[in-house]
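Student:
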Amino acid sequence: MRKFLKTNSFVITVFVIWRLAMFLLGLPGFSILTFKASFPKIDEMLIASGFPQWLWQWGNFDGVHYLDIAQNGYHGSGLQVFFPVFPLLIKLGSFLTGNYFLSGLVISNLAILLAGITLFQLVSRDFDNKTARWAVIFLFAFPTSFFFGSVYTESLFLLFLLLTFLKTGWLSGLFSFLAGGTRLVGAFLTPVLVAFRPRNWWGILAGGGIGLYISYLTLTFGNPFYFLTGQGAFKNARANSLESLVLPPQVLYRYIKILTTASPAHYDYWIAALELAAFIFGLIIVLYLTLRKKMPAPYLIFSFLALLLPSFSGTLSSMPRYLLSIFPIFIGLAIIKNNSVKVGIVTLFTLLLAALTILFTRGYWVS
571 MRKFLKTNSF
581 VITVFVIWRL
591 AMFLLGLPGF
601 SILTFKASFP
611 KIDEMLIASG
621 FPQWLWQWGN
631 FDGVHYLDIA
641 QNGYHGSGLQ
651 VFFPVFPLLI
661 KLGSFLTGNY
671 FLSGLVISNL
681 AILLAGITLF
691 QLVSRDFDNK
701 TARWAVIFLF
711 AFPTSFFFGS
721 VYTESLFLLF
731 LLLTFLKTGW
741 LSGLFSFLAG
751 GTRLVGAFLT
761 PVLVAFRPRN
771 WWGILAGGGI
781 GLYISYLTLT
791 FGNPFYFLTG
801 QGAFKNARAN
811 SLESLVLPPQ
821 VLYRYIKILT
831 TASPAHYDYW
841 IAALELAAFI
851 FGLIIVLYLT
861 LRKKMPAPYL
871 IFSFLALLLP
881 SFSGTLSSMP
891 RYLLSIFPIF
901 IGLAIIKNNS
911 VKVGIVTLFT
921 LLLAALTILF
931 TRGYWVS
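Structure, rendered in structure tokens:
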């Protein structure tokens, strides 16, 4: 344990500072904003946990659905859009903690700590320790990094994703399998691993995670793609049809039209602006890294697929959150040579993080 703490002291220090800051940032909202109960099952899944609101607010929005699945399984319609690995781990963790919410919160926070350590190891291997330290700082300072400390899949998926690229052989295959069972975008690891690690047939396991879930949905509900068609229950009606795909240029045009016709006085206007800005920001970074050949090809291919997939649903909703799994973005920022520029970006990120954290914890939809 002492060796582990010494070896990973930088990441652990950043994590502790970040986690304390997140808890502290969640407190001012009590006096600034009235809690907006804009999502269901608050009483059953959060208040019933027995914890004070300053803690259970980290289970807002999607968190209640993961907790619901962990406790009651995939009952009703709509919950099938949430992949099974995270709620399964919450269920298992509840036997140790005696509390579903606490189990989910511990898993998410432990996962992001381990993900930070894994990112440091990966970047140190591919670049150097200095770049690795900056990548970790950008990871935790990112404006939507509060999701890492919430009852969401972001931290767990990122951990599995990074371990897939860090490890080789059957371990890489195992983590790709778990990634595919945690998020839909994890399925993209199959073509990436098969193409760039042709001698390692374990890469096909990445498709096994989603394959098992598809089999379960087929046998239980008679709908193998319920995780897509069920999106209509969460105000993404276009995704309710597999035939109603929209090309990214059409989505961009739609957002530009919204921002040029809607009133800035509406909260949704600024959410649309945030979603569009996140998509453009991510696209610029990934394109730059591709053109300058600054990143291993497997990372970039996965990044493009993960970035473009959500846009085919006709919306960029949740894009600021989806960027958290596109880890080459943090590496791209870390390799900027001018330290003043990097400090400036971290400062801007931190200010946005503070504002978005307050909104999220007070029940306002952010991403």
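Every position in the sequence shown, counted from 1, becomes a number in this note's numbering once 570 is added.
We put the CB at the ideal spot given by N, CA and C, even for glycine.
1) Check for me: the alpha helix (DSSP H) holding Q627 runs from which residue to which?
2) How big is the Cα-Cα spacing for G777 and L603?
3) Helix, strand or coil, according to DSSP, for S910 in the structure here?
4) Say whether chain B places a C-beta atom closer than 9 Å to the C-beta of S579.
5) With H, G and I counted as helix, E and B as strand and the rest as coil, what does DSSP make of R824?
6) Does A809 pass the burial test, meaning 16 or more other C-beta atoms within 10 Å, or should it be called exposed?
7) Per DSSP, what kind of secondary structure is I896 in: helix, strand or coil?
8) Can you tell me where the alpha helix (DSSP H) holding R708 begins and where it ends?
9) May I have the straight-line CA-CA distance separating I774 from G792, to the nearest angstrom?
10) How long is the line joining the alpha carbons of G902 and W740, rounded to whole angstroms?
11) Give the straight-line distance between the Cα atoms of K700 and A842, rounded to the nearest whole angstrom.
12) Check whether the Cβ atoms of W624 and L597 sit closer than 9 Å, and answer yes or no.
13) Please state if the CB of T752 and the CB of F653 are separated by a distance shorter than 9 Å.
14) Residues in the same chain with beta-carbon distance under 8 Å from S895, minus the five sequence neighbours each way, listed in chain order, please.
15) Can you give the Cα-Cα distance for A904 and Y869, rounded to whole angstroms?
16) For M571, which three-state DSSP category applies?
17) Should the segment 665 to 677 be regarded as contacting the segment 629 to 644, the criterion being three or more beta carbon pairs within less than 8 Å?
18) If contacts are defined as beta-carbon pairs under 8 Å, then V584 and F710 qualify, I think. What distance do you get, rounded to the angstrom?
Tutor: In short:
1) Taking the first residue of the sequence shown as position 1, residue 627 is located at position 57. Boundaries for Q627: no alpha helix (DSSP H) harbours it, and the DSSP string shows neither H nor E there.
2) Here residue 777 corresponds to residue number 207 of the sequence shown, with the count starting at 1. Here residue 603 corresponds to residue number 33 of the sequence shown, with the count starting at 1. CA-CA distance, G777 to L603, rounds to 44 Å.
3) Mapped onto the sequence shown, residue 910 falls at position 340. Correct three-state label for S910: helix.
4) Looking at the structure shown, chain B is missing, and only one protein chain is on hand.
5) Looking up residue 824 in the sequence shown gives position 254. R824: helix per DSSP, three-state reduction.
6) Reading the sequence shown from its first residue, position 239 is the one you call residue 809. In this prediction, A809 has a pLDDT of 45, which is less than 50 and means its spatial position is unreliable; what the coordinates show is noted afterwards. Result: buried.
7) Working through the sequence shown from its first residue, we reach residue 896 at position 326. Taken through DSSP and simplified to helix, strand or coil, I896 comes out as coil.
8) Translated into positions along the sequence shown, residue 708 becomes position 138. One detail in the question is off: residue 708 reads as Phe in this sequence, not Arg. It spans 699 to 711 - the alpha helix (DSSP H) in which F708 sits, taken as one unbroken run.
9) Stepping through the sequence shown from its first residue, residue 774 is reached at position 204. Stepping through the sequence shown from its first residue, residue 792 is reached at position 222. Those two C-alpha atoms are separated by around 25 Å.
10) Position 332 of the sequence shown holds residue 902. Position 170 of the sequence shown holds residue 740. Roughly 29 Å between the two C-alpha positions.
11) Along the sequence shown, read from residue 1 onward, the residue named residue 700 stands at position 130. Along the sequence shown, read from residue 1 onward, the residue named residue 842 stands at position 272. Distance between the alpha carbons of K700 and A842: 35 Å.
12) Indexing the sequence shown from 1 puts residue 624 at position 54. Indexing the sequence shown from 1 puts residue 597 at position 27. Taking 9 Å as the Cβ cut-off, W624 and L597 qualify as a contacting pair.
13) As a working note, residue 653 is residue 83 in the sequence shown. As a working note, residue 752 is residue 182 in the sequence shown. Cβ distance < 9 Å, so F653 and T752 count as in contact.
14) Sequence index remark: in the sequence shown, residue 895 carries index 325 (1-based). Closer than 8 Å at the Cβ level, and outside the excluded window around S895, lie E724, F727, L728, L731, R753, V755, A876.
15) Translated into positions along the sequence shown, residue 904 becomes position 334. Translated into positions along the sequence shown, residue 869 becomes position 299. Looking at the two C-alpha atoms, the distance is approximately 15 Å.
16) Indexing the sequence shown from 1 puts residue 571 at position 1. DSSP places M571 in coil when its eight states are reduced to three.
17) yes
18) For this step, residue 584 is matched to residue 14 along the sequence shown. For this step, residue 710 is matched to residue 140 along the sequence shown. Indeed they touch by this definition, with Cβ atoms about 6 Å apart.
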